[in-house]
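S.K.: Could you have a look at this structure, given as structure tokens, before my questions?
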Amino acid sequence: MIVGIETLSTGSIEFRESPVIGVCPLIALLRPSFGNRCRRATGLSLAASFLFFMPTLVPAARAASGTRSKSPILSSTRQVRNFNDAWRFLQSDADHAEEPGFDDSKWRSLSVPHDWSIAGPVAQSNLTGQGGGYFPNGIGWYRKEFALPQQDSHRHLYIVFDGVMANSDVWINGYHLGHRPNGTVSFLYELTGHLQFGPGAHNVLAVRCDNSQQPASRWYEGAGIYRSVRLVSTEDLYLDPWSVFVTTPTITADKAVVHVQSTVVNESSAEANTALTISLIGPDGHTAATQNVPAKTIAKGGTAQFNTDINLTKPALWNIDSPQLYRAIVQVKSGGTITDDEQQQFGIREFHFDADTGFWLNGRNFKLKGAALHIDGGAVGIAVPTAVYEHRLLALRALGVNAIRTAHNPQSPEFLDLCDRLGFLVMDEMFDAWTVGKNPYDYHLFFQQWSLRDTRDAVRRDRNHPSIILYSAGNEIHDTPHEELAHKILSSLVATFHENDPTRPVTQALFRPNVSHDYDNGLADLLDVVGQNYREKEILAAHEAKPTRKIVGTENGHDRDIWLALRDHPPYSGQFLWTGIDYLGEAREGGDWPLIGNGSGLLDRTAYPRARAFERQSWWASQPNVHMARRIAPTEHLSGDPGYESAPLRFRQSLFLDWTPQNPAPHNESVEVYTNCEEVELFLNGVSLGKQQLHPDASALIWKVAYVPGTLKAVAYNHGQQVAEDELRTAGEATHLVLSPERNTVSAGAEDLVYVEASLNDRNGNKVPGASTLIHFSVSGPGTIVAVDNGSNADHDSFQIPQRHAYQGRAVVLIRATAAKGTIQVTASAPGLTNGTTLLKAIPVKPASFIRSF
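Converting from the sequence shown to the working numbering requires adding 188 to each position, the first position being numbered 1.
As structure tokens, this is what we get:
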């Protein structure tokens, strides 16, 4: 039994109720009829839990080398098996597929994480519609057969799913373990009492996921077991899942107090005299402090909560530019024996929001320069390898982004690990709908029964991440016009956030609050930090009306006046752009089909920058930068380039990062220069076109340039010294392909891969921006192609076949190593062009410094 886990029956949660906090925060939700051993199914969600006990089976968080490692064992008591391999899959419904003897021999063999929807094909007739990017929907089944040794028969065994999309049902050997509607919240079921052990004994785990009822989302949600799965076994005296909670209540330059809270469960046949030993491991890998926690006697079937403060001298603080990470290792001891242990990664930092001055971290006041991200990873769908997350986050960091909003659901544990390691701040968001839906089959159908449980589980999963600074109770919630209902729901959600994590404030992405009177009727003031989407003058006016309000922009556009509203108003703590990166679904710019994705990002799906990205970089980044763009129209809905007016709106854009206009005849071009430097000089074919000073209002520097082919160059200066430059060259006809990998090594395993860009270049090495040739990719050596993409939201070709038309002169291929040693050759070919090749070195997975726990 795990104390506090809700049982097979979810139990409707009324908004007037709140989880009971006591020795075990979840104990009030346990059904006593299940008895002391609680062999029945349980529904406690876990995020990548138990990993630190894995012998050599579960990949851990990526180390600084950019790889993931097999986990070392800390004790022999807890065992964790990676359950990602050797599944069978059917993209259809099947009667009796949950039964152990069901014949699945004709099903597809695969590994998870797996998103079956991303394989397509996209079609206008698919029920997901523009919200889901016209990708297929339906029902999928997964089955896995496994054996267990006889010595495990006395242990407690659990199956942990980090995410199944969506409406999942799970069976073990034909026994129904439970149902979970929410696809973004991790969960666990106890298998004890339903397993076979020993030679010749086999067990069958079956999972059914169902997104057949559509439309169910405003964006692409994918389908399948899209995050990791683990099998966990424990002894009888162990740490309750998610109970280890590390906080840093006191921080000075010389000392930090680290508070560690945990709950131990005793399921043995007798009372247990139980003590804890807690070790803090510093960023350098050495033990910074160790403390023994006095023993407590835990009754048979009982629990005990342990709290201790540990003093650290000269702490290394977690900052966005120096994200120092510690580990807390908690050991459970009884009778001189370690019965369980767990490690949690944490950071020592102090932050707060101030009504007058905005956001503060470790005594430093700065703006949250945020971007919203959905859970998909572009061409890989929602089954996102860690390397894809890292590729994207680093591209955003280069633009000056320092914060992420998880729109509009919790992200994966690996994503949050990366934010911890890279120094991003995170707004952890829960819901896009409460009881009033935005689609016929979205979460509003489940909100009343599941919302508090999902909130509790997500918070307890995520609360040790130093990157998280805000929880969001919802995005543009349509319940808010119903004043009494909205107040009741929000009060209950805020209480649930606070009860499970009293260290972080709660916000909500309010939508048109002056229309729904959120500022007048008190709803906004139920929040610790008032958040509002768009309408920046409105939230500033709300602060002026009540200066004690702490305010943040939860969703904002890309325009300059929006940035100035943040830059020039100290109380305005930050903004989160919609969006940081293009995403699949919500394909509405220019009118739905044939678009399959949303183009509102600073970066396209491949993390390639748009012109607006460089404008943003000039406002947000600290390193000297300068970039040029040709503007052909005031907005993206107009055109001003001869031969361009007839292009469908979905292909139109107003800014181009090239000096190769469609009209080669002499004409005038409007050149915009984005920079954070004091002065810029523009050159055309070596001739200076003059200098301009940086504008105080953050507007672009503009030159009217008579077009002639050649080289356009911008040189940026600070204090009279050149500090940055940008160059655009007129391209001719494409003659050859060039492959450019983001790095030349790739680690074996599912979590690492390398982006390789293929560009169509002319004989002088210039990328040809108008080229759209079909590029074929091939691999030799110990590597495989995971996906291809070009960033176009109107391309319907499969991401999973080894060819792609170039879009604006480029495409990418994602390469994974299939062995820990050897040379991978990647080749790109196209009719009439010289092939491009590049070599990658396959390397072993290196040990990670941190192994995930609960």
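Positions of the beta carbon are idealized from the N, C-alpha and C atoms, including for glycine. Here the structure is a predicted model, which is why all the values come from computation and not from measurement.
Taking the beta carbon of residue 970 as the centre, do at least 16 other beta carbons fall within 10 Å, making it buried, or is it exposed?
M.R.: Buried is the call here.
S.K.: Compute the beta-carbon to beta-carbon distance between residue 801 and residue 790, rounded to the nearest angstrom, for a pair I have assumed lies under 8 Å.
M.R.: Yes, they are in contact, since the Cβ atoms of residue 801 and residue 790 sit about 4 Å apart, within 8 Å.
S.K.: Along the chain, where does the beta strand (DSSP E) that runs through residue 656 open and close?
M.R.: Its beta strand (DSSP E) spans residues 656 to 663.
S.K.: Beta-carbon within less than 7 Å of residue 968's beta-carbon, same chain only, minus the 5 sequence neighbours each way: which residues are those?
M.R.: If we look at residue 968 and ignore the five residues flanking it on each side, its Cβ neighbours are 1013.
S.K.: Between which two residues does the alpha helix (DSSP H) holding residue 1021 run?
M.R.: Run containing residue 1021: none; DSSP gives neither H nor E here.
S.K.: Can you check the segment 853 to 913 for any beta strand (DSSP E) of at least 3 residues that lies completely inside it and give the ranges in chain order?
M.R.: For the segment 853 to 913, whole beta strand (DSSP E) runs of length 3 or above, ordered along the chain, are 856 to 863, 867 to 872, 875 to 881, 889 to 894, 899 to 906.
S.K.: Output the boundary residues of the alpha helix (DSSP H) element that contains residue 731.
M.R.: Start and end: 724 to 733.
S.K.: Restricting to runs no shorter than 3 residues, where is the beta strand (DSSP E) found entirely within the segment 744 to 819?
M.R.: Runs of the beta strand (DSSP E) inside the segment 744 to 819: 760 to 765, 814 to 819.
S.K.: Taking the beta carbon of residue 850 as the centre, do at least 16 other beta carbons fall within 10 Å, making it buried, or is it exposed?
M.R.: By the 10 Å Cβ count, residue 850 comes out exposed.
S.K.: Measuring only the C-alpha atoms, how far is residue 196 from residue 428?
M.R.: Only weak support exists for where residue 196 lies, its pLDDT of 28 falling under 50; the value from the coordinates is given anyway. Near 19 Å, if we compare the C-alpha coordinates of residue 428 and residue 196.
S.K.: Using three-state DSSP, classify residue 605 as helix, strand or coil.
M.R.: Here residue 605 sits in helix by DSSP.
S.K.: Within 10 Å of its beta-carbon, does residue 324 have 16 or more other beta-carbons around it, so buried, or fewer, so exposed?
M.R.: Under this definition residue 324 is a buried residue.
S.K.: Answer yes if the segment 487 to 496 comes into contact with the segment 391 to 400, meaning at least three C-beta pairs across the two stretches below 8 Å, and no otherwise.
M.R.: Short answer: they don't touch.
S.K.: My output table needs one value for residue 252: the three-state DSSP class, helix, strand or coil.
M.R.: Legend: pLDDT at residue 252 = 31, less than 50; position of this residue unreliable, no value from coordinates given.
S.K.: Give the DSSP-derived three-state secondary structure of residue 343 in the structure shown.
M.R.: Correct three-state label for residue 343: coil.
S.K.: Taking three-plus beta-carbon pairs below 8 Å as touching, is the segment 770 to 777 in contact with the segment 514 to 523?
M.R.: No: fewer than three Cβ pairs fall under 8 Å.
S.K.: Helix, strand or coil for residue 328 per DSSP?
M.R.: Of the three classes helix, strand and coil, the one that applies to residue 328 here is strand, per DSSP.
S.K.: Do you know whose CA, among 894, 907, 321, lies nearest residue 857's CA?
M.R.: If we check each option's Cα against that of residue 857, 894 comes out closest.
S.K.: When DSSP builds the beta bridges, which residues end up paired with residue 152?
M.R.: The structure shown does not extend to residue 152, since the chain is modelled only from 189 to 1042, so the question has no answer here.
S.K.: By the 10 Å Cβ neighbour count, where 16 or more other Cβ atoms means buried, how is residue 805 classified, buried or exposed?
M.R.: When all chains shown are included, residue 805 counts as buried.
S.K.: Rounding to the nearest angstrom, what Cα-Cα distance links residue 484 and residue 567 in this structure?
M.R.: Computed Cα separation, rounded: 52 Å.
S.K.: Buried or exposed, going by whether 16 or more other CB atoms sit within 10 Å of the CB of residue 699?
M.R.: Looking at its Cβ environment, which holds 16 or more other Cβ atoms inside 10 Å, residue 699 is buried.
S.K.: Do residue 275 and residue 300 have their CB atoms nearer than 8 Å?
M.R.: The answer is yes: Cβ separation under 8 Å.
S.K.: Our contact map puts residue 476 next to residue 500 with C-beta atoms below 8 Å; I'd like the distance itself, whole angstroms only.
M.R.: Yes, they are in contact, since the Cβ atoms of residue 476 and residue 500 sit about 6 Å apart, within 8 Å.
S.K.: Which residues bound the alpha helix (DSSP H) around residue 685?
M.R.: First-last of the alpha helix (DSSP H) with residue 685: 671 to 688.
S.K.: Under 8 Å: do the segment 552 to 563 and the segment 454 to 474 share three or more Cβ pairs, one atom per stretch?
M.R.: No contact exists between the segment 552 to 563 and the segment 454 to 474.
S.K.: State the Cα-Cα distance for the pair residue 337 and residue 386, rounded to the nearest angstrom.
M.R.: Approximately 5 Å between the Cα atoms of the pair.
S.K.: With which residues is residue 367 paired in a DSSP beta bridge?
M.R.: Beta-bridge pairing links residue 367 to 357.
S.K.: If you follow the beta strand (DSSP E) that residue 964 is in, where does it begin and where does it stop?
M.R.: Looking at the DSSP string, the run of the beta strand (DSSP E) that includes residue 964 is 962 to 968.
S.K.: DSSP three-state call for residue 702: helix, strand or coil?
M.R.: Three-state result, residue 702: helix.
S.K.: Excluding the 5 residues preceding and the 5 following residue 425 in the sequence, name in chain order all residues of the same chain whose CB lies nearer than 8 Å to its CB.
M.R.: Once the five neighbours on either side are set aside, the close Cβ partners of residue 425 are 452, 453, 454, 455, 456, 460, 462, 486, 520, 522, 527, 528.
S.K.: For residue 944, which option in 584, 868, 897, 1015 has the closest C-alpha, if you only look at C-alpha atoms?
M.R.: Of the listed residues, the one whose Cα sits closest to residue 944 is 1015.
S.K.: Opposite residue 267 in the DSSP bridges: which residues?
M.R.: Residue 267 is bridged to 421.
S.K.: Any contact between the segment 721 to 734 and the segment 638 to 645? By contact I mean 3 or more CB pairs, one from each, below 8 Å.
M.R.: Contact fails: fewer than three Cβ-Cβ distances are below 8 Å.
S.K.: To the nearest angstrom, report how far apart residue 1003 and residue 941 are at their CA atoms.
M.R.: Whole-angstrom Cα-Cα distance: 5 Å.
S.K.: What residue does the alpha helix (DSSP H) around residue 577 start on, and which one ends it?
M.R.: Here the alpha helix (DSSP H) through residue 577 covers 574 to 586.
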